[in-house]
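Novice: Can you keep this structure in mind? I'll have questions shortly.
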Amino acid sequence: MIDTLWSLIDNDLPALQIALPLLAATLCILVRRPMAAWSVAMVVAWSSFLNAGVLLHRVLTTGTISYAEGGWPVPWGIELRIDLLNALVLLVVTGICAIVLIAAPRSIDAEIPREKQYLFYAAYLLCMTGLAGMTVTGDAFNIFVFLEISSLSSYALISQGRTRRALTSAIQYLIMGTIGGTFILLGIGMLYMVTGTLNIVDLANQLALVGPNRTVLVAAACIGVGVAIKLAMFPLHIWLPNAYTYAPAVVTAFIAATSTKVAYYVLVRFAFSVFRINPTFDGTHSNAIFMTLGLAAMFAGSLVAVYQDNVKRMLAYSSVAQIGYMVLGLSFANEYGLTGGLVHVFNHAIMKCGLFLVLACVLLRVGSTRLSAFEGLGRRMPLTFAAFVVGGLSLVGVPLTVGFVSKWYLVLGALDAGLWPVAVLILASSLLALVYIWRVVEVGYFKEPPEGADVVTEAPLSMLVPTWILIGSTIVFGVWTSLSAGVASAAARMLMGGVS
Amino acid sequence: MSATTAVGLAVVWPLFAVALIVVLQRWPNLRETGTLLTGGSLFAIVAGVILPEVQAGGRPRFDLWEVLPGLGLAFEVEPLGMIFGLVASGLWIVTTFYSIGYMRAHHEENQTRFYICFAIAISGAIGVAFAANVFTLFVFYELITLSTFPLVTHTGTKKARNAGRMYLGILMGTSIAFLLLAMVWTWLATGTTEFTPGGILAGKVEGTQLMILLALYAFGTAKAALMPFHKWLPAAMVAPTPVSALLHAVAVVKAGVFTILKVVVYVFGIDLLAATDASRWLTWVAAFTIVAASCVALGKDNLKVRLAYSTISQLSYIVLGAALATTAGVIGGGMHIVMHAFGKITLFFCAGAIMVGAHKTEISEMDGLGRRMPFTFGAFLLGSLSVIGLPPMGGSWSKWFLMLGAAEADQWVMMVVLMASSLLSIGYLMPVVVRGFFRPAPVDDHHGATGIHEAPLLCVLPPVFTALGGIVLFFYAGDIWRLLMGMVP
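Shown next, in the form of structure tokens:
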């Protein structure tokens, strides 16, 4: 029985990554009851996660998977193509979706009216559809389509925040995101004009035949700028702090760990698979630009984070800085650096998602995420706060946490490229992370809550468990690195092989 | 039990104490018994199983896990680590007795947390001592920093918080900014971070780069309190005295100088340094720290702070021994880890006993106190002699070998520095003893000027024990020397 069922879907696993959440989103709207909608979302998210695991295993054992949608042969039909690079990203995205959902019911009860909750789950699944679609598709135009699906649904998710600032944040993100999407569409259009194809593999081959060309350069610039907006790459990050701060707590945890990561994947895909940038990419100094912006992001983001009074906003700026690390890793254009960038996608997703879930717990119990809300939390919510400390140390890059693994590869990349001042800057900026994290830790352990403050109890189990799954993972994957760093370095080797 | 198993076990052994402490936290006497039993058995493992193997020339090794390619958690005991491991585990027992007396007499709060963090820090120290490569050492080095932070900020006052900030900022800051960079660099140049007799850098890193790499290691290890990264140590004196005694005179700071010594011997190799003169500059930094810290100590009235500056000065003896890059120099450095440990822990124990017994922290208030607390001040005298480097105390031997090392390296200035430092240490330690025994007690002292009035027994016996240990070490220095000879091929 199970065997027959399995043989039915066995070959369609890539398509199910898109179809399943898309259909489930409509189902959520039909069932309307919050818990029923949540159950649908849970089943779909966890099966997608499982599916992503199977796909990664397949890629590792049998190589790249190509799936022709509707049976139309590639490159005329739309291809879903899963290689080492996006298999890892897919695992991260679906994994985060699944884990965050565990915490969702308790957290959104406090933020979203019950009668609207089924819409929340529908939007959540649509966003997941878009992100998974961007990741698995082998078609450049499809990337744009799925980008819009994920963006539109994330605007809706962000606007659900408790305060009215959520609406303006969502509008701000909408405007920036639409500009970004337009740039991407323009770029893809130009590439189609030059090559007559939209399939990514085919596109790369055709571009290699066409050779240097002004239209291609403009297309690269358009796509670069468009993706940079979605990625929140400094200085195009201005939508991010507001969106992260005012969105509902679980939405922040979800978007922070997935949306920018997929955008980074798209950037890497275009840079290394399509345009095949290298230090002399037609004299555009693209690597120098990425490096400068990456470094600027690391310092600007961290420095601003140090002065934030709202911890959620602080972590949002920290994300700007962490995105800088990823962009920097890409800019070294060597195997170590790219491994660092890719492994940081994995690592940053789990630690930042864990930290934002901690904030969701604090918001639920204390009612605020300002620094003053953390007074005495070390004693009042010991497990939640311990999660913050561990996640924070991981962000700093303490050994045996995931942050260390990322930092190791990034510094190796910098030294391998002969850029030792950059190596020093990477380490210096991680000290800034120590400063902004420790500010919160001190308040949590040494400040007493004001007289007459409400009694605060530990967060509910349904939120503590997902938080600690992620925070525990920051240690597990800091010690056992064959999955994260192993796949990332294999992917980097594959991509760098495309350069030479 | 085989020595290999023992090596792995010794590192996690103190964590059993953590489990016991958590389970027994409601019954303080049982809780402390748990710590003592763990400490005793740890010392038995280290001294009874591992030591004979290492003395026989073995290098018991325990590979735990490979984190990244070529970067694994592994332990291997060689003579230097053996010495440090013995000192840390042995003195942990003594300090636990002392802690019981001190913490209870002082009515300190959060004692469970105190004992837990203490045990984790010891695990960190053993991990550093037995680390088989720079990566493992780095991991446990950071563990020590993190686990001692709650001990430094134990009282939770504003002063303690500020001290904690400086403590974490300097120790973690330098280790991430410099030590990590040095480690990555070493790995990129050699493909390994394993400690190897004779070093791994020869032919891989050359010229000025070698000097820069050494600087990254030396300043990245701020636990060695090399100037200008020494400020955290006096600040850390805000911690309860047992912490100052074992951690900030032995485990934490010795982990720092141990790191420098080990890196010099097993990563650079003293032959390479001697041939290239790449460590010449470090002798000057160490010499400056020795003299400058001694001078600052002369001017401090708070006894614990004065002892802290004395520690900064003494730690640089060991850095100097490493930087001389001669056989006698590194042996003197290794031996000084033991000798200074016994001397300085005695002095801190006494400082705490004075605080508990007479509620005095400033040296200028200690007139005539020696006649009321003869055992405490007697121990203080012996500890001082050891730190100064006079017979019949063990400290005289380590200084002897350091002098010899300076002579071997033809660095006569460094011999002068060592002599001057001895004189300076007489200048800042002896006044305490002289005031205590020979000055009359102030008349308005209502504590009853007659008779002996010592601190509780558990605060007095440990310093007497370690002071006598300093004398024993004077006679058994030859055994330490024989063991340490095993680290230079």
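Chains as they are written, first to last, in my numbering: chain A, 31 to 530; chain B, 11 to 499.
Note that the Cβ used here is the ideal one computed from N, Cα and C, for glycine as well.
Fair warning: this is a prediction, and the values are worked out from it, not measured in the lab.
(1) Starting from the beta carbon of Ser-460/A, find every residue of chain B whose beta carbon is closer than 8 angstroms, and list them in chain order.
(2) Determine the extent of the beta strand (DSSP E) in which Gly-82/B is found, giving its start and end residues.
(3) What residues of chain B sit near Trp-468/A, judged by a beta carbon separation below 7 angstroms?
(4) I want to verify the contact list: residues of chain A whose CB lies under 9 angstroms from the CB of Val-215/B, in sequence order.
(5) How many whole angstroms separate the CB atoms of Cys-391/A and Leu-500/A, which I take to be in contact at a CB cut-off of 8 angstroms?
(6) How would you write the range of the alpha helix (DSSP H) that Trp-68/A sits in, first residue to last?
(7) Kindly indicate which three-state DSSP category Tyr-151/A falls into: helix, strand or coil?
(8) Could you list which residues in chain B have their beta carbon closer than 9 angstroms to that of Pro-480/A, in chain order?
(9) Quick check on this structure: which residue in Arg-299/A, Thr-94/A and Arg-192/A has the alpha carbon closest to the alpha carbon of Ile-112/A?
(10) Excluding sequence positions up to five away, which residues of its chain have a Cβ less than 8 angstroms from the Cβ of Met-220/A?
(11) Kindly indicate which residue of Val-375/A, Leu-177/A, Glu-478/A and Val-396/A has the alpha-carbon position closest to the one of Ala-489/A.
(12) Would you call the stretch 218-226 of chain B in contact with the stretch 334-344 of chain B, where contact means no fewer than 3 C-beta pairs closer than 8 angstroms?
(13) If I measure Cβ to Cβ from Val-142/A and keep anything under 8 angstroms in the same chain, skipping five residues before and after, which residues do I get?
(14) Under 9 angstroms, Cβ to Cβ, is there at least one residue of chain B near Val-454/A?
(15) Going along the chain, which residues of its own chain have a beta-carbon closer than 6 angstroms to the beta-carbon of Gly-160/A, five neighbours each way excluded?
(16) From the beta carbon of Pro-309/A, is the nearest beta carbon of chain B less than 9 angstroms away?
(17) Using the beta-carbon of each residue, which ones in chain A are nearer than 9 angstroms to Trp-410/B?
(18) Compute the distance between the beta-carbons of Gly-344/B and Met-113/B, then report whether it is under 9 angstroms.
(19) Starting from Gly-427/A, find everything on chain B with Cβ-Cβ shorter than 7 angstroms and list it in chain order.
(20) Using beta carbons (cut-off 9 angstroms, strictly below), is Gly-508/A in contact with chain B?
(21) Check whether chain B comes within 9 angstroms of Trp-498/A, counting only Cβ atoms and requiring the distance to be less than that.
(22) What does a CB cutoff of less than 6 angstroms around Leu-57/A pick up in its chain, not counting 5 residues either side in sequence?
(23) Starting from Met-182/B, find everything on chain A with Cβ-Cβ shorter than 7 angstroms and list it in chain order.
(24) Is Ile-132/B closer than 9 angstroms to Gly-44/B when the C-beta atoms are compared?
(25) Are the CB atoms of Gly-279/B and Leu-211/B nearer to each other than 9 angstroms?
(26) Please report the straight-line C-alpha distance between Thr-504/A and Val-495/A, rounded to a whole angstrom.
(27) Is the separation between the beta-carbon of Ser-323/B and that of Ser-304/B shorter than 9 angstroms?
(28) The alpha helix (DSSP H) spanning Val-104/A covers which residue range?
(29) Within the 9 angstroms Cβ cut-off, does Thr-231/B reach chain A?
(30) Span of the alpha helix (DSSP H) holding Trp-422/B?
(31) Using only CA atoms, which one of Val-340/B, Met-425/B, Met-440/B and Ala-318/B lies nearest to Leu-374/B?
(32) Please determine if the stretch 297-316 of chain B and the stretch 263-272 of chain B are in contact, where contact requires at least 3 C-beta pairs separated by less than 8 angstroms.
(33) Among Trp-510/A, Val-122/A, Val-470/A and Ser-303/A, which has the Cα closest to the Cα of Leu-237/A?
(34) Does DSSP classify Ala-140/A as helix, strand or coil?
(35) Note down, in chain order, every chain B residue with its Cβ under 9 angstroms from the Cβ of Glu-145/A.
(36) Taking Cβ positions only, does Glu-204/B come closer than 9 angstroms to chain A?
Specialist: Looking at the atomic coordinates:
(1) Ile-186
(2) 81-86
(3) Leu-178
(4) Neighbourhood of Val-215/B in chain A, by CB distance below 9 angstroms: empty, with the nearest CB roughly 12 angstroms away.
(5) Not confirmed; about 12 angstroms, so no contact.
(6) 64-92
(7) Helix at Tyr-151/A.
(8) Here the premise fails: no neighbours, minimum Cβ distance about 17 angstroms.
(9) Thr-94/A
(10) Thr-245, Val-246, Val-248, Ala-249 and Cys-252
(11) Val-396/A
(12) no
(13) A small correction: the amino acid at residue 142/A is Ile; Val does not occupy that position in the sequence shown. These residues qualify, in order along the chain: Phe-150, Gln-190 and Pro-278.
(14) True, the Cβ-Cβ gap to chain B drops below 9 angstroms.
(15) Phe-176, Ile-179 and Ser-180
(16) Residue placement at Pro-309/A is poorly supported in this model, since its pLDDT is 47, which falls under 50; the coordinates still yield a value, given next. Closer than 9 angstroms: no.
(17) Here the premise fails: no neighbours, minimum Cβ distance about 38 angstroms.
(18) no
(19) Near Gly-427/A (Cβ distances below 7 angstroms), the residues of chain B are Ile-186.
(20) yes
(21) No, no contact with chain B.
(22) Val-70
(23) Leu-464
(24) One thing to note: Gly-44/B has its Cβ no nearer than 9 angstroms to the Cβ of Ile-132/B.
(25) Yes, the Cβ-Cβ distance between Gly-279/B and Leu-211/B is below 9 angstroms.
(26) 14 angstroms
(27) yes
(28) Where Val-104/A is concerned, there is no enclosing alpha helix (DSSP H), given that its DSSP letter is neither H nor E.
(29) no
(30) For Trp-422/B, the uninterrupted alpha helix (DSSP H) run begins and ends at 422-448, by DSSP.
(31) In the sequence as displayed, the identity of residue 374/B is Ser instead of Leu. Comparing Cα-Cα distances from Ser-374/B to each of Val-340/B, Met-425/B, Met-440/B and Ala-318/B, the minimum goes to Met-440/B.
(32) The stretch 297-316 of chain B makes no contact with the stretch 263-272 of chain B; the number of CB pairs closer than 8 angstroms stays below 3.
(33) If we check each option's Cα against that of Leu-237/A, Ser-303/A comes out closest.
(34) coil
(35) Residues of chain B passing the Cβ test: none, with the nearest at roughly 47 angstroms.
(36) no
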